[in-house]
Amino acid sequence: MADHLRLAALIAAKDLAVEWRSKTALVSIVAFAVLVSAILYFARDPTAVSALDTAPGALWVTYSFSAMIALNRAFQLEQENHAMDGLLLSPIPRSAIFVGKTLANLALVGAVEAIALPLFLLFYDVPVWHRLPALSLVVVMATVAMVAVGTLFSSMVIRTRFAEFMLPLLLLPFLVPPVISGVELTATILADRPLSAAGGWLKLLAAFDLTFVSLSALLFESSLEQ
Amino acid sequence: MPDPLLSARSISRKFGYRVVLEDVSFDVRAGEALVVRGANGSGKTTLLRILAGLLRPTTGTVLRAGGLGYLAHHSMLYDALTARENLRFVARLHGLAPAGTSDSLIERLGLDGRADDPVSTYSRGMIQRLALARALLIDPQVLLLDEPLSHLDEPGSRVVLEILGEQRRRGRALVVVSHQRAELETLGAASIALANGRLVSGAAADPYG
């Protein structure tokens, strides 16, 4: 188990080092998140709909679309020079590759979410600072589900001709459950109600986490077969 | 006669209805080198990928003893990382000490002056040398080499041929796909030829006339 985690951490560290050197993914995803936030903010008629009503949806549209761009990138760097073959030739469990890739994606998507959150607060001026731990919990739980299933699909589509188009097509239906749960729980937090008031959504989100992570880990190996 | 380190038994591979390899069999023993010849599209690279375990044969089996080093058509390197980081990453994946062998291979292949530069700044010849270092890193029993001399200048080719000769003398089994027959003659290797996915002999074995 310790060796498995060591290998996963090694792959995650390599991915993050590659991303950090180029910064292509991080800069473009953050720019995308800023643009989506701004468009959604200016598309709202403040005299017709309150900020509190639209803020949860806007936050999760921004987060899920940004995550999709990050996940598209996940296996592209293994595709360059066929580096994935090198990983597959090494004597490491395929599940360590999945865990490593998922950890790197979580770090990348998490960084984008952390950068986009202050912008969201600035646009919508919602009272959330004192509820930040609860909001962070919801964001982490929904992000784990999105990234786990996204990492699996990213590995599946990377060898197809139109990988950039295929990933959103496959992934979006699976993002609906964690995103809806995220929206409902965020609305509860912004309305300053306790999370227990939306306990059903929280349990549902936990169930999606468990299901998506375990199924994605199980199916990952077969997605690599040629 | 010692047992083969690499044995291909009736390997066939189809992509859809297209037959790329058909009933290919051979053995390579310790200290032997086998050159696989054939025109473009004859199935050489597919054969190497099957031997490496990266592709499943439609029928047939591959038996391999010991570790595998694979120099592919693509370098399998990360452009954003340096040569040293690439090799140390591979060493760690195999549970080896990250320095040591990596550093000596970098020096042997004449990359020590640029070892801490990103691979993206390398010439094609340097990438080829680094990819060979990657294949040799785990001291494999079996080496699969797809065009090992491509992109190399004369001194580079000489170093690579020296290294391959040493590997053979150390009892490693080599399978080399190459069009550069004259250079590889120094290896004293046996050769087989593929045409349309089948092993051929006689005049048909020489696609270049």
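Chain order of the listed sequences is A and B. Just so we're aligned, residue 53 is where the first sequence starts under the numbering used here, counting upward by one. Just so we're aligned, residue 3 is where the second sequence starts under the numbering used here, counting upward by one. Even glycine gets a Cβ: it sits at the ideal position worked out from N, Cα and C. These numbers were taken from a predicted model, which means no experiment stands behind them.
Just to confirm my understanding: we take Y210 (chain B), look at its own chain, exclude 5 residues before and 5 after, and list those with CB closer than 6 Å. What are they?
Position 208 of the second sequence, counted from the start, is the residue given in the question as residue 210 (chain B). Because the pLDDT at Y210 (chain B) is just 48, under 50, the model does not fix this residue reliably, and the value given afterwards should be weighed accordingly. Counting only Cβ-Cβ distances below 6 Å, and skipping sequence neighbours, we find nothing.
Where V70 (chain A) and T123 (chain B) are concerned, what is the direct C-alpha to C-alpha distance, given to the nearest angstrom?
Taking the first residue of the first sequence as 1, we reach residue 70 (chain A) at position 18. Taking the first residue of the second sequence as 1, we reach residue 123 (chain B) at position 121. Using only the alpha carbons, I get a separation of about 15 Å.
So with Cβ pairs under 7 Å, would you call R15 (chain B) a contact of chain A?
Mapped onto the second sequence, residue 15 (chain B) falls at position 13. Cβ-Cβ to chain A under 7 Å: no for R15 (chain B).
With DSSP as the reference, label D105 (chain B) as helix, strand or coil.
Mapped onto the second sequence, residue 105 (chain B) falls at position 103. It is helical.
Spatial neighbours of A178 (chain B) within its chain, please: CB distance less than 6 Å, with the 5 preceding and 5 following residues excluded, ordered by chain position.
As a working note, residue 178 (chain B) is residue 176 in the second sequence. Residue identity check: residue 178 (chain B) is Val in the sequence provided, not Ala. Once the five neighbours on either side are set aside, the close Cβ partners of V178 (chain B) are V37 and L147.
If we cut at 7 Å on Cβ distances, does N124 (chain A) have a partner in chain B?
The residue labelled residue 124 (chain A) in the question sits at position 72 within the first sequence. Judged by the 7 Å Cβ criterion, N124 (chain A) is not in contact with chain B.
What separation, rounded to the nearest whole angstrom, lies between the Cα atoms of A65 (chain A) and V113 (chain A)?
Stepping through the first sequence from its first residue, residue 65 (chain A) is reached at position 13. Stepping through the first sequence from its first residue, residue 113 (chain A) is reached at position 61. Their backbone Cα atoms lie some 28 Å apart in a straight line.
Here's the rule I'm using: 16 or more other beta-carbon atoms within 10 Å means buried, otherwise exposed. How should S268 (chain A) be labelled?
Position 216 of the first sequence, counting from 1, holds the residue named residue 268 (chain A). Result: buried.
Please state the DSSP three-state secondary structure of D119 (chain B).
Reading the second sequence from its first residue, position 117 is the one you call residue 119 (chain B). Here D119 (chain B) sits in coil by DSSP.
Can you look up S12 (chain B) in the DSSP assignment and give me helix, strand or coil?
Walking along the second sequence from the start, residue 12 (chain B) turns up at place 10. Three-state result, S12 (chain B): strand.
Measuring only the C-alpha atoms, how far is L221 (chain A) from R51 (chain B)?
Indexing the first sequence from 1 puts residue 221 (chain A) at position 169. Indexing the second sequence from 1 puts residue 51 (chain B) at position 49. Their backbone Cα atoms lie some 31 Å apart in a straight line.
Quick check on R73 (chain A) - is its C-beta less than 7 Å from some C-beta in chain B?
In the first sequence, counting from the first residue as 1, residue 73 (chain A) sits at position 21. Cβ-Cβ to chain B under 7 Å: yes for R73 (chain A).
Please name the residue in B:G102, B:L7, B:A99 and B:L201 whose C-alpha comes closest to that of V64 (chain B).
In the second sequence, the residue the question calls residue 64 (chain B) occupies position 62. Here the closest residue by C-alpha is B:L7.
Kindly list, in the order they appear in chain A, the residues whose Cβ is closer than 7 Å to that of R116 (chain B).
In the second sequence, residue 116 (chain B) corresponds to position 114, counting from 1. Near R116 (chain B) there are no residues of chain A at all, since even the closest Cβ is about 16 Å away, more than 7 Å.
Is there at least one Cβ from chain B nearer than 7 Å to S268 (chain A)'s Cβ?
The residue labelled residue 268 (chain A) in the question sits at position 216 within the first sequence. No, its Cβ sits nowhere closer than 7 Å to a Cβ of chain B.
Run through the DSSP bridge pairs and tell me what F214 (chain A) is partnered with.
Residue 214 (chain A) sits at position 162 when you count from the first residue of the first sequence. BP columns for F214 (chain A) are empty, so no partner.
Ordered along the chain, which non-local residues of its own chain (more than five positions away) have a Cβ less than 6 Å from that of A110 (chain A)?
As a working mapping, residue 110 (chain A) is identified with position 58 in the first sequence. So the list reads L92, once near-sequence residues are dropped.
Name the two residues that bound the continuous beta strand (DSSP E) containing S193 (chain B).
Position 191 of the second sequence, counted from the first residue, corresponds to residue 193 (chain B). Per DSSP, S193 (chain B) belongs to the beta strand (DSSP E) from A192 to A197.
Measure the beta-carbon distance from I13 (chain B) to G62 (chain B) and round it to whole angstroms, keeping in mind my assumption that it falls under 8 Å.
Here residue 13 (chain B) corresponds to residue number 11 of the second sequence, with the count starting at 1. Here residue 62 (chain B) corresponds to residue number 60 of the second sequence, with the count starting at 1. Contact flag correct, Cβ pair sits at about 4 Å.
Could you tell me the boundaries of the alpha helix (DSSP H) in which A213 (chain B) lies?
With chain B running from 3 to 211 in the structure shown, residue 213 (chain B) is simply not present.
Return the bridge partner residues of D148 (chain B) from the DSSP annotation.
In the second sequence, counting from the first residue as 1, residue 148 (chain B) sits at position 146. Paired residues: B:V179.
With the cut-off set at 7 Å, would you say L189 (chain B) and L154 (chain B) are in Cβ contact?
The residue labelled residue 189 (chain B) in the question sits at position 187 within the second sequence. The residue labelled residue 154 (chain B) in the question sits at position 152 within the second sequence. Contact flag unset, no.
Under a CB-based cut-off of 7 Å, is G109 (chain A) close to chain B?
Taking the first residue of the first sequence as position 1, residue 109 (chain A) is located at position 57. By this cut-off, G109 (chain A) is not an interface position.
Just reading off the beta strand (DSSP E) that Y115 (chain A) is part of, what are its end residues?
Taking the first sequence and counting its residues from 1, the one referred to as residue 115 (chain A) is at position 63. From DSSP, Y115 (chain A) is part of no beta strand (DSSP E) but of the alpha helix (DSSP H) over A103 to A126.
For R86 (chain B) and chain A, any beta-carbon pair shorter than 7 Å?
Numbered from 1 along the second sequence, position 84 holds the residue referred to as residue 86 (chain B). False, the Cβ-Cβ gap to chain A never drops below 7 Å.
Taking the straight line between their C-alpha atoms, what separation do you get for L95 (chain B) and R146 (chain A)?
Sequence index remark: in the second sequence, residue 95 (chain B) carries index 93 (1-based). Sequence index remark: in the first sequence, residue 146 (chain A) carries index 94 (1-based). Rounded to the nearest angstrom, the two C-alpha atoms are 12 Å apart.
What does DSSP give as the partner residue(s) for F17 (chain B) in the beta ladder?
For the purposes of this step, residue 17 (chain B) is identified with residue 15 of the second sequence, where counting begins at 1. DSSP output for F17 (chain B) lists B:R20 as bridge partner(s).
Going along the stretch 62–80 of chain B in order, which residues come within less than 7 Å of chain A, judged by CB to CB distance?
Correct list: L70, Y72, A74, H76, S77, M78, L79 and Y80.
Starting from G62 (chain B), trace the beta strand (DSSP E) in both directions and tell me its first and last residue.
As a position in the second sequence, residue 62 (chain B) is number 60, starting the count at 1. G62 (chain B) -> beta strand (DSSP E) spans T61 to R66.
Ignore the nearest five residues each way along the sequence and tell me which others in T106 (chain A)'s own chain have a CB closer than 6 Å to its CB.
Here residue 106 (chain A) corresponds to residue number 54 of the first sequence, with the count starting at 1. The answer, listed in chain order, is R96.
Are the stretch 118–125 of chain A and the stretch 153–172 of chain A touching by the rule of at least three beta carbon pairs closer than 8 Å?
These segments touch.
Quick one: give me the first and last residue of the alpha helix (DSSP H) that R58 (chain B) is part of.
The residue given as residue 58 (chain B) occupies position 56 in the second sequence. From DSSP, R58 (chain B) is part of no alpha helix (DSSP H); its letter is neither H nor E.
Of all Cβ atoms in chain B, is any one closer than 7 Å to the Cβ of V235 (chain A)?
For the purposes of this step, residue 235 (chain A) is taken as residue 183 along the first sequence, with counting starting at 1. For V235 (chain A), the answer is no, since every Cβ of chain B falls outside 7 Å of its Cβ.
DSSP three-state label for G252 (chain A), please.
In the first sequence, the residue the question calls residue 252 (chain A) occupies position 200. Here G252 (chain A) sits in helix by DSSP.
Does the beta carbon of I144 (chain A) sit closer than 7 Å to a beta carbon anywhere in chain B?
Here residue 144 (chain A) refers to the residue found at position 92 of the first sequence. Yes, I144 (chain A) counts as interfacial toward chain B.
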